[in-house]
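Here is the structure we will look at.
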Amino acid sequence: MSTANKIFENTGFLLAGKAGTKLFSLIIVIYIARYLGNAGYGKYTFVFAFVSFFTLISEMGTHHILVREISRSPEIAKKLLGNAILISIILSFIAIFLAVFTINIMKYSEETEKLVLIASIGLLFGSLSNYGIMYEVNLNMKYPVFFGLLSRLFLLISVILTVIYDMGITWIVIFTVFSDALPNVLMMIFSRNIILPEFKYDINLCKFILKESLPLAMATLFIVIYYRIDVVMLSMLKGDADVGIYSAAYRLTDAFTFIPATLMVSLFPLMSKYHNESKDKLIFSYLKSFKFLFIIALPLAVGITLISDKIVILIYGSQFENSVQLLQILIWSTAIVFINYPLTQLLISTNKQKIFATSTAICAVLNIILNLILIPGYSYTGASVATVITQIINGLIILYFRPKELLLSQLFHEIRIPLFTATFMAIFILCSQYYLDLPYIIIISIFLYFFFLYIFGGFDLEEKKLLLKFKLSIKDNISVIMKRLTKS
Numbered sequence: 001m002s003t004a005n006k007i008f009e010n011t012g013f014l015l016a017g018k019a020g021t022k023l024f025s026l027i028i029v030i031y032i033a034r035y036l037g038n039a040g041y042g043k044y045t046f047v048f049a050f051v052s053f054f055t056l057i058s059e060m061g062t063h064h065i066l067v068r069e070i071s072r073s074p075e076i077a078k079k080l081l082g083n084a085i086l087i088s089i090i091l092s093f094i095a096i097f098l099a100v101f102t103i104n105i106m107k108y109s110e111e112t113e114k115l116v117l118i119a120s121i122g123l124l125f126g127s128l129s130n131y132g133i134m135y136e137v138n139l140n141m142k143y144p145v146f147f148g149l150l151s152r153l154f155l156l157i158s159v160i161l162t163v164i165y166d167m168g169i170t171w172i173v174i175f176t177v178f179s180d181a182l183p184n185v186l187m188m189i190f191s192r193n194i195i196l197p198e199f200k201y202d203i204n205l206c207k208f209i210l211k212e213s214l215p216l217a218m219a220t221l222f223i224v225i226y227y228r229i230d231v232v233m234l235s236m237l238k239g240d241a242d243v244g245i246y247s248a249a250y251r252l253t254d255a256f257t258f259i260p261a262t263l264m265v266s267l268f269p270l271m272s273k274y275h276n277e278s279k280d281k282l283i284f285s286y287l288k289s290f291k292f293l294f295i296i297a298l299p300l301a302v303g304i305t306l307i308s309d310k311i312v313i314l315i316y317g318s319q320f321e322n323s324v325q326l327l328q329i330l331i332w333s334t335a336i337v338f339i340n341y342p343l344t345q346l347l348i349s350t351n352k353q354k355i356f357a358t359s360t361a362i363c364a365v366l367n368i369i370l371n372l373i374l375i376p377g378y379s380y381t382g383a384s385v386a387t388v389i390t391q392i393i394n395g396l397i398i399l400y401f402r403p404k405e406l407l408l409s410q411l412f413h414e415i416r417i418p419l420f421t422a423t424f425m426a427i428f429i430l431c432s433q434y435y436l437d438l439p440y441i442i443i444i445s446i447f448l449y450f451f452f453l454y455i456f457g458g459f460d461l462e463e464k465k466l467l468l469k470f471k472l473s474i475k476d477n478i479s480v481i482m483k484r485l486t487k488s
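Under UniProt numbering, the sequence shown is numbered contiguously, ending at residue 488.
Structure representation (structure tokens):
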């Protein structure tokens, strides 16, 4: 099988699996939000947002470095993987201790402290995620995707039972931790068929991993800050109810971020390889990923902005109607993430992770300052605006430090037609939203956008062939996933 076909098969399977996972996750969020209400859902969100700050310590930014180095030097994979897992386990215990210690000195309620203790246990299981790297390097993500689907299915069933028997927030947190740990445990068990890590401590190799990972670890810290600090600051300055309203909108927009992440999981190893082999191929792979993600992000942002009221009320009910405006703002943050994602991966694949770390540091500080200014007066609306501004600044910084071979004129060329066709889609939505039900608006809007995109030459001949392969790959992989789920 050619590399291109393997990428399409891998990406198609990932998208099909992740779409199923996100669908399960959305249903889970609906159940939890409706069951716990604004304040309860806010507390649930705060607990996991708080613990996420300590994932930096347990993961230490090693993931991308391991993928990069194993892609370049497969012969040392066992040794790299074994030492990385040993590092992660030690750091996970430190992270758990610090998470519990920090929440106790912050003087939160006893219930919140207990929930943080439960959630922090998941940090230990996170160290097992390193076993999934070999699937990623070999462009074979079928097992991880299937395990992820099983974990979401388990959590969905658990949450439904919790609601039926009114078991409370504690059991929801317990089930969430167990569900998040399940894929990592399964990957550890089944990865034995691919590789057996060499658990032989090598101080020089550990130093190399930590040295190379440190810029990414710092970047991860700053990313977590400007993605999660808003929840913590809202909790401290306004309370759990405001956190719940903000998180309800945020979870809807965050549900789409799997799309750029999935595409780049398949392309990142290839980009790392092209960095040494061919600059032209490297830039070509970036431009194609940028174009496809922009084509998806633009109508997504425009459409959701115009029908956000219908979406929020349908999903959460009238108790979350204040989330409508937040959804209109935050969806543009997600659209910018789509655009920024491939450029970020391009920088890392070319050993420029320090630039990425610097950019995220600047944006983290900016986000904190903006939240301090905006949250006291504008609460969750202020937090939403701060998030969008931060993403814009981050995008401008990493664009400035792009490889010199990548010209701005190339990017502008790729976005001309999508901007034009999105205008037609927006006009249709504005004219039809008072006469058509939500499902019809969505289906017809998507059809019109891609129809005009095709008519006006939004895809060249080569891209049409790639899309056809991609379509067939997704169709085949959906069949595989459904068969495996049925068997399980």
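The beta-carbon is built from N, C-alpha and C at its ideal position, and this holds for glycine as well.
For residue 296 and residue 428, the rounded distance between their alpha carbons: As a working mapping, residue 428 is identified with position 428 in the sequence shown. As a working mapping, residue 296 is identified with position 296 in the sequence shown. When rounded, the distance between both Cα atoms is 18 Å.
Spatial distance of residue 114 from residue 120 (CA atoms): The residue you call residue 114 lines up with position 114 of the sequence shown. The residue you call residue 120 lines up with position 120 of the sequence shown. When rounded, the distance between both Cα atoms is 10 Å.
Terminal residues of the alpha helix (DSSP H) in which residue 240 lies: In the sequence shown, the residue the question calls residue 240 occupies position 240. Element bounds for residue 240: 240-254.
Exposure of residue 2, with buried meaning 16 or more beta-carbon neighbours within 10 Å: Taking the first residue of the sequence shown as 1, we reach residue 2 at position 2. Because the pLDDT of residue 2 is 49, which lies under 50, any placement of that residue in the model is unreliable, and the number read from its coordinates should be weighed accordingly. Per the 10 Å Cβ criterion, exposed.
Span separating the alpha-carbon of residue 414 from that of residue 291: Locating residue 414 in the sequence shown gives position 414, counting from the first residue. Locating residue 291 in the sequence shown gives position 291, counting from the first residue. Roughly 6 Å between the two C-alpha positions.
Beta-carbon proximity check, residue 241 vs residue 38, cutoff 9 Å: Taking the first residue of the sequence shown as 1, we reach residue 241 at position 241. Taking the first residue of the sequence shown as 1, we reach residue 38 at position 38. Taking 9 Å as the Cβ cut-off, residue 241 and residue 38 qualify as a contacting pair.
Endpoints, the alpha helix (DSSP H) within which residue 450 is located: Your numbering for residue 450 matches position 450 in the sequence shown. Counting along the chain, the alpha helix (DSSP H) containing residue 450 begins and ends at 438-455.
Inter-stretch contact at 8 Å, needing at least 3 Cβ pairs: the stretch 152-166 / the stretch 207-226: no
Sufficient close CB pairs (3 or more, under 8 Å) joining the stretch 48-64 to the stretch 222-235: yes
At least 3 beta-carbon pairs within less than 8 Å: the stretch 316-323 vs the stretch 245-262: yes
Closest residue to residue 93 among 123, 330, 130 (Cα-Cα distance): Locating residue 93 in the sequence shown gives position 93, counting from the first residue. With distances taken between Cα atoms, residue 93 lies closest to 123.
Own chain, CB closer than 8 Å to residue 294, minus 5 neighbours either side, in chain order: Here the question's residue 294 lines up with position 294 in the sequence shown. 338, 339, 414, 415, 418, listed in sequence order.
Supposed contact pair residue 167 and residue 128 - C-beta distance, whole angstroms, cut 8 Å: On the sequence shown, residue 128 is found 128 positions in, with the first residue counted as 1. On the sequence shown, residue 167 is found 167 positions in, with the first residue counted as 1. 27 Å between Cβ atoms; not a contact.
Rounded C-alpha distance that separates residue 232 from residue 383: The residue labelled residue 232 in the question sits at position 232 within the sequence shown. The residue labelled residue 383 in the question sits at position 383 within the sequence shown. Distance between the alpha carbons of residue 232 and residue 383: 11 Å.
Beta-carbon spacing of residue 406, residue 311 below 9 Å: Indexing the sequence shown from 1 puts residue 406 at position 406. Indexing the sequence shown from 1 puts residue 311 at position 311. Not in contact: residue 406 and residue 311 (Cβ atoms no closer than 9 Å).
Same chain only: Cβ atoms within 8 Å of residue 255, ignoring 5 sequence neighbours per side: What you label residue 255 is simply residue 255 of the sequence shown in a count that begins at 1. Excluding sequence neighbours, residue 255 sits near 22, 25, 26.
Residue environment, residue 280, which counts as buried when at least 16 other CB atoms sit within 10 Å: Residue numbering aside, residue 280 sits at position 280 when the sequence shown is read from its first letter. That one is exposed.
Burial state of residue 48 (16 or more Cβ within 10 Å): Counting from 1 along the sequence shown, the entry for residue 48 is found at position 48. With 16 or more Cβ atoms within 10 Å of its Cβ, residue 48 is classed as buried.
Cβ pair residue 335, residue 301 closer than 9 Å: As a working mapping, residue 335 is identified with position 335 in the sequence shown. As a working mapping, residue 301 is identified with position 301 in the sequence shown. The answer is yes: Cβ separation under 9 Å.
Residue environment, residue 473, which counts as buried when at least 16 other CB atoms sit within 10 Å: Here the question's residue 473 lines up with position 473 in the sequence shown. Only weak support is given to the placement of residue 473: the predicted model assigns it a pLDDT of 48, under 50, and the question is left unresolved by the model.
Beta-carbon proximity check, residue 105 vs residue 116, cutoff 9 Å: Within the sequence shown, residue 105 is the residue found at index 105, counting from 1. Within the sequence shown, residue 116 is the residue found at index 116, counting from 1. For residue 105 and residue 116, no; Cβs fall outside 9 Å.
Same chain only: Cβ atoms within 6 Å of residue 308, ignoring 5 sequence neighbours per side: As a position in the sequence shown, residue 308 is number 308, starting the count at 1. Taken in chain order, the residues that qualify are 324, 327, 328.
Straight-line Cα distance separating residue 144 from residue 19: The residue labelled residue 19 in the question sits at position 19 within the sequence shown. The residue labelled residue 144 in the question sits at position 144 within the sequence shown. Computed Cα separation, rounded: 14 Å.
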